[in-house]
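J.: In the numbering used here, the protein residues as written are 43 to 189.
1) Residue ranges of each beta strand (DSSP E) run of no fewer than 3 residues wholly in the stretch 43-77, ordered along the chain?
2) With a threshold of 7 Å on Cβ separation, who are the neighbours of residue 150 within its own chain once the five nearest residues in sequence on each side are excluded?
3) By how many angstroms is the C-alpha of residue 148 removed from the C-alpha of residue 155?
4) Could you work out which residue in 65, 66, 78, 64 is closest to residue 47 when comparing CA atoms only?
5) Taking only runs of the beta strand (DSSP E) that begin and end inside the stretch 134-175, which ones reach a length of at least 3 residues, in chain order?
6) I believe residue 107 touches residue 86 by the beta-carbon criterion, under 8 Å. Please report the beta-carbon distance rounded to the nearest angstrom.
7) Determine the DSSP secondary structure at residue 112, reduced to helix, strand or coil.
8) Verify whether the separation of the beta carbon atoms of residue 102 and residue 81 is less than 9 Å.
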């Protein structure tokens with residue numbers, strides 16, 4: 043996603059975070075091949091730690107892509123640390139049809155516990171993962187809770 047955002051969007055900077063050293067190596071190669079060295083910063087490490095470091099440095103994001111479906115829920119609060127007001131989070135999960143509403147409620151609660159509000163602007167079932175389980179994308183708008 044980071045290469046496509048850098049090439050076809052108009053970002054100042056795209057942060058690509060991965061824990062896997064091989065993925066980092068390939069990402070660095072792709073950044074060079076796609077001529078987006080000035081727009082993509084590759085960060086190696088656990089997303090939770092990297093996100094905390096970015097937040098401590100005052101980094102704020104307009105858009106966040108959380109595309110690790112089985113672990114995104116665990117990192118949702120961390121993503122809120124760097125989300126600007128009106129940031130869009132593309133949150134991916136694998137869920138059964140009847141789990142979707144519950145996931146929305148749990149995400150709302152997590153956001154409220156950090157002083158943020160979220161609005162679900164879209165939910166898409168991207169593909170079937172297993173019988174009655176779907177790879178699902180939630181488009182989430184993050185708001186700062188009014189005082």
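Backbone N, C-alpha and C define an ideal beta-carbon position, used for all residues, glycine too. Since we're looking at a predicted model, the values are computed, not measured.
T.: A quick look at the data gives this:
1) 56-60
2) By one-based count along the chain shown, residue 150 stands at place 108. Result list for residue 150: 160, in chain order.
3) Taking the first residue of the chain shown as 1, we reach residue 155 at position 113. Taking the first residue of the chain shown as 1, we reach residue 148 at position 106. Taking the straight line from one Cα to the other gives about 11 Å.
4) Here residue 47 refers to the residue found at position 5 of the chain shown. For the residues 65, 66, 78, 64, the minimum Cα distance to residue 47 belongs to 78.
5) 158-172
6) The count along the chain shown starts at 1 and reaches residue 107 at position 65. The count along the chain shown starts at 1 and reaches residue 86 at position 44. Rounded, the Cβ-Cβ distance is 17 Å, inconsistent with contact.
7) Position 70 of the chain shown, counted from the first residue, corresponds to residue 112. Looking at residue 112 - three-state DSSP - the assignment turns out to be coil, as it is neither helix nor strand.
8) Residue mapping note: residue 102 aligns to position 60 of the chain shown, counting from 1. Residue mapping note: residue 81 aligns to position 39 of the chain shown, counting from 1. No; because the gap between Cβ atoms is not below 9 Å, this pair is not in contact.
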